[in-house]
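Reading through the structure tokens given below for one structure.
2 protein chains.
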Amino acid sequence: MPKRLPFSRELDTPCLVIDLDALEANIRSMQSFFSDKTARLRPHFKTHKCLPIAHKQIAAGAKGITAAKVSEAEVLAWGGIKDVLIANQIVGEAKIRRLVGLARHTSVTVAVDSADNARELAAAARAAGATLGVLVEVDIGMGRCGVKPGRDAVELARIVNSQRGLAFRGLQGYEGHLVLREPGAEKDRLTVEAIRLLARTKRAIENEGLCCEEISGGGTGTYRVAASEGVMTEIQAGSYATMDARYAKVTPEFAKALFVLVTIISRPKKGLAIGDAGLKSITSEFGMGEVEGVKGAAVDRLSEEHTLIRVKGEAEKLAVGDRILVTPSHGCTTINLYDKACGVRKGYVECSWRIDGRGKSQ
Amino acid sequence: MPKRLPFSRELDTPCLVIDLDALEANIRSMQSFFSDKTARLRPHFKTHKCLPIAHKQIAAGAKGITAAKVSEAEVLAWGGIKDVLIANQIVGEAKIRRLVGLARHTSVTVAVDSADNARELAAAARAAGATLGVLVEVDIGMGRCGVKPGRDAVELARIVNSQRGLAFRGLQGYEGHLVLREPGAEKDRLTVEAIRLLARTKRAIENEGLCCEEISGGGTGTYRVAASEGVMTEIQAGSYATMDARYAKVTPEFAKALFVLVTIISRPKKGLAIGDAGLKSITSEFGMGEVEGVKGAAVDRLSEEHTLIRVKGEAEKLAVGDRILVTPSHGCTTINLYDKACGVRKGYVECSWRIDGRGKSQ
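Note that the protein sequences, when read in sequence, are chains L and A.
Okay, so the first sequence: first residue is 516 according to my numbering, each after it adds one.
Okay, so the second sequence: first residue is 516 according to my numbering, each after it adds one.
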């Protein structure tokens, strides 16, 4: 009935499964895209949160790793990653102390969008005897963090550049409002438009005599265009390595490598099978996920501890005790629910990896 | 601006905060409701996943604790709880072995909705020299697990009762489709109707000469009616202890005791403040959560690592570095994101509790 899953005999459910061949192919294929680009790849840790995968990405040629939070950057730095960008504003005395402490050991760059924050970071860096790399974050249309392109960004760049303890590196801009759009000419046009805001801001900064060497941003849904315009120097793609059901729709060049193994625990009636993975095992903010390899089975709803699966045709044969794989719709938040992931290759378990960054939201 | 939060100086963010006075009042008030009922309270662990809270519930008079998964039951049993109900089907050889192993040490009852599963449980219990309590689960309208009320349930009860290693205890039926309805006469009528299906099934089972001593079910949204009909013997309410923004609307008799402490990390423009808690710190399947104590501030959207907060009027004064409290819309899944919760009383930190059941989805 479901495709044979020999590894499933070794595992209890629900559990997170990573197809190692697919993962490695995704890492290779993304890296090889960058072989003739000036932009370099700085994969985002927030998706897989798994040191072994970060090390694979570095070994393949990535220039460093992107993190979302200080606690993630700590995992990376203490885990042997030598160049970390925290693509986020870091606020609060205690957290800034940890940040500059980390910068004494590893190359750390952080995003900034306010002058006060820049001054605080600088004072802490000086007190720690560390230097903190800084990217000025520019809002290029997402409407979240960042200063406006142009004059506001130039002004903040000047302030950052004047602070001892900080090293002004360049700009960050993330076209997060575009990454999940349908691929096509319109998406490409909007992406180029967003990136040009960064190019213009960079020129304005350089006209002030400042050096603006890095332009960092981009994601799995926009890397092709973002890396090809000759503007970005690094792309922060995260989801491409493991993928999920949602990204599979916009970047089919990468293979699904991430699954949740689910046991059928009840067949209460025709048309309905119940699995043992609910909202605490598969997140739902981008949809219910997809049943793999069982024709006629679809996740209808997730309650807290249950997968409600509509079954018809062949899928009616699903029985209590059967195992199925579900591709989560959102890998980043689903992985964050697990302490470990099981790596399988050609149907058998090869490794068990700790999700080192799980719960590292501070 | 925000209400003074002296404890926030001791904490990094995002972090989970429990107001201990509110928690204890909720536990006392729910328990006192049961003082003149035949039904008893068996609080659900799946919400708070926190042993200290479970022990408080037992100390207040709860008869035992409800769990959703074997791994949660293990946390409870090894943590000193002597009477555990797993309100769910337990399927799979390895998991059943753990279940019956646990039953050698602690009183364990489990829900069953298939004859094959009952036979498997019985064989494992005999092999382990243990006795497993069993409730036959009946679908009383939720459309998830459970056999049909009436004949199907009677037949399964007979099979369970005939198995050495199993002790047939009674029925489980959960009106999960009703718990979050608006309070009122229609909700009460539907709840009573659902419960009567259990009463009729119990009579049919007793007519067969079987003893059906327990009728277990109910939740925070239905406990009043469910416990008052003289049918249910135990109520599995979970959310009442910590509460969340969603339950606050249907059971205002309990106080909000659960919050996420958030730092404002960016004020990119008028009308918008950005917090440091995203979907990895506050779940969103039931809504965005509520900002407490800051007039004019509302969570508009959660991205993965950010809280997008609409601000107007007084809330425009929110500044980078300010701390606010957000009540999550869904406590059960939000708590499951954290390794620990910080207990505060009258504004100061009193304790740090491990979320013992965090990630225990197996």
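Note that beta-carbon positions come from the ideal geometry of N, C-alpha and C, so glycine has one too.
C-beta contact flag for residue i and residue j at 8 Å
i: A:ARG659; j: L:HIS821; result: yes
i: A:ALA673; j: A:GLU729; result: Residue identity differs from the one stated: residue 673 of chain A is Arg in this sequence, not Ala. No; because the gap between Cβ atoms is not below 8 Å, this pair is not in contact.
i: L:GLY808; j: L:LEU840; result: yes
i: A:PRO843; j: A:VAL775; result: yes
i: A:ALA908; j: A:LYS561; result: Nothing in the structure corresponds to residue 908 of chain A, since chain A is present only between 516 and 877.
i: A:ALA668; j: A:VAL662; result: yes
i: L:VAL835; j: L:SER781; result: yes
i: A:PRO783; j: A:LEU712; result: no
i: L:GLN877; j: A:PRO529; result: yes
i: A:ALA609; j: L:ASP791; result: no
i: A:LEU686; j: A:THR737; result: no
i: A:ILE611; j: A:LEU636; result: yes
i: L:VAL649; j: L:ALA682; result: yes
i: A:VAL859; j: A:PHE522; result: yes
i: L:VAL627; j: L:GLU587; result: no
i: A:LYS785; j: A:GLU829; result: no
Whole-number beta carbon distance between residue j and residue i, since they are thought to touch under 8 Å
i: L:ILE542; j: L:ALA756; result: 6 Å
i: L:VAL505; j: L:GLU744; result: Because residue 505 of chain L is not part of the residues shown, which for chain L are 516 to 877, the question remains open.
i: L:ALA540; j: L:PRO558; result: Rounded, the Cβ-Cβ distance is 15 Å, inconsistent with contact.
i: A:GLY607; j: A:LEU566; result: That pair is no contact at about 26 Å.
i: L:VAL623; j: L:ILE601; result: 7 Å
i: A:LEU647; j: A:ALA638; result: With 8 Å as the limit, A:LEU647 and A:ALA638 do not qualify as a contact, their Cβ atoms being about 11 Å apart.
i: A:CYS857; j: A:LEU531; result: 7 Å
i: L:LYS564; j: L:ILE870; result: 5 Å
i: L:LYS827; j: L:VAL590; result: Not really, about 44 Å apart at Cβ, beyond 8 Å.
i: A:LYS795; j: L:THR849; result: Not confirmed; about 11 Å, so no contact.
i: L:ARG634; j: L:GLN678; result: 7 Å
Backbone secondary structure at residue i - three-state DSSP
i: L:LEU566; result: helix
i: L:PRO517; result: Bear in mind that a pLDDT of 43 at L:PRO517, under 50, signals an unreliable position, so the number given afterwards is only what the model happens to contain. DSSP places L:PRO517 in coil when its eight states are reduced to three.
i: A:ALA537; result: helix
i: A:GLU690; result: coil
i: A:ARG796; result: Note on residue identity: the sequence assigns Ser, not Arg, to residue 796 of chain A. Three-state result, A:SER796: coil.
i: L:ARG816; result: strand
i: L:ARG464; result: Coverage of chain L is limited to positions 516 through 877, which leaves residue 464 of chain L absent and any answer about it impossible.
i: L:ASN526; result: Looking at the sequence itself, residue 526 of chain L is Leu, so the reference to Asn does not match. Three-state result, L:LEU526: coil.
i: L:SER743; result: helix
i: A:VAL649; result: strand
i: A:CYS866; result: strand
i: L:ASP631; result: helix
i: A:ASP551; result: helix
i: L:SER754; result: coil
i: L:VAL765; result: helix
i: A:ARG619; result: coil
i: A:VAL809; result: coil
i: A:CYS847; result: helix
i: A:VAL532; result: strand
i: L:THR822; result: strand
i: L:GLU697; result: coil
i: L:GLU723; result: coil
Sequence-distant residues of its chain with Cβ nearer than 7 Å to residue i (five each side left out)
i: A:HIS845; result: ASP759, ARG761, THR798, GLU800, PHE801
i: L:HIS620; result: ALA592
Close-in-space but distant-in-sequence residues of the same chain around residue i (CB under 6 Å, 5 per side omitted)
i: L:ILE720; result: VAL669, ALA672, CYS727
i: A:LEU520; result: ARG838
Residues near residue i by beta carbon distance below 8 Å, same chain, minus five either side
i: A:LYS552; result: ALA742, SER743
i: L:GLU768; result: SER544
i: L:MET747; result: ALA554, ILE710, LEU713, ILE730, SER731, GLY732, GLY733, ALA741
Legend entry - Contact set between the stretch 719 to 744 of chain L and chain A, restricted to residues whose Cβ is under 9 Å from the partner: Those would be none; no residue qualifies.
Legend entry - Positions along the stretch 600 to 613 of chain L whose CB lies within less than 8 Å of some CB in chain A: Shown in chain order are the members of the stretch 600 to 613 of chain L whose Cβ falls below 8 Å from a Cβ of chain A: ASN603, GLN604, ILE605, VAL606, GLY607, ALA609, LYS610.
Legend entry - Short-range partners of chain L found in the stretch 846 to 864 of chain A, where Cβ spacing is below 9 Å: Going along the stretch 846 to 864 of chain A in chain order, one finds CYS847, THR848, ASN851, LEU852, TYR853, ASP854 with a Cβ nearer than 9 Å to chain L.
Legend entry - Contact set between the stretch 576 to 593 of chain A and chain L, restricted to residues whose Cβ is under 8 Å from the partner: Hits within the stretch, in order: ALA583, LYS584.
Inset, instruction - Mind checking the stretch 787 to 814 of chain A against chain L and listing, in chain order, the residues whose C-beta falls within less than 9 Å of any C-beta there? - result: Here the close residues are LEU787, ILE789, ASP791, ALA792, GLY793, LEU794, LYS795, SER796, THR798, SER799, GLU800.
Legend entry - Residues from the stretch 628 to 657 of chain A in contact with chain L, defined by Cβ distance under 7 Å: Of all residues in the stretch 628 to 657 of chain A, the ones placed with a Cβ closer than 7 Å to any Cβ belonging to chain L are ASP628, SER629, ASP631, ASN632, ASP654, in chain order.
Inset, instruction - With 8 Å as the C-beta to C-beta threshold (strictly closer), list the residues of the stretch 818 to 832 of chain A near chain L in chain order. - result: Flagged, chain order: SER818, GLU819, GLU820, HIS821, LEU823.
Legend entry - chain A contacts made by the stretch 864 to 877 of chain L, where a contact means CB separation under 7 Å: Under the 7 Å Cβ criterion, the stretch 864 to 877 of chain L contributes GLY874, SER876, GLN877.
Legend entry - Interface residues of the stretch 752 to 782 of chain A facing chain L [CB-CB below 9 Å]: Answer in chain order: THR778, ILE779, ILE780, SER781, ARG782.
Inset, instruction - Quick one: which residues of the stretch 542 to 570 of chain L get their C-beta closer than 8 Å to a C-beta of chain A? List them in chain order. - result: Per Cβ criterion, the list reads LYS561.
Legend entry - Short-range partners of chain A found in the stretch 658 to 672 of chain L, where Cβ spacing is below 9 Å: Those would be GLY658, ARG659, CYS660, GLY661, VAL662, LYS663, in chain order.
Legend entry - Residues within the stretch 519 to 545 of chain A neighbouring chain L, beta-carbon criterion of under 8 Å: Result list: ASP527, THR528, PRO529, CYS530.
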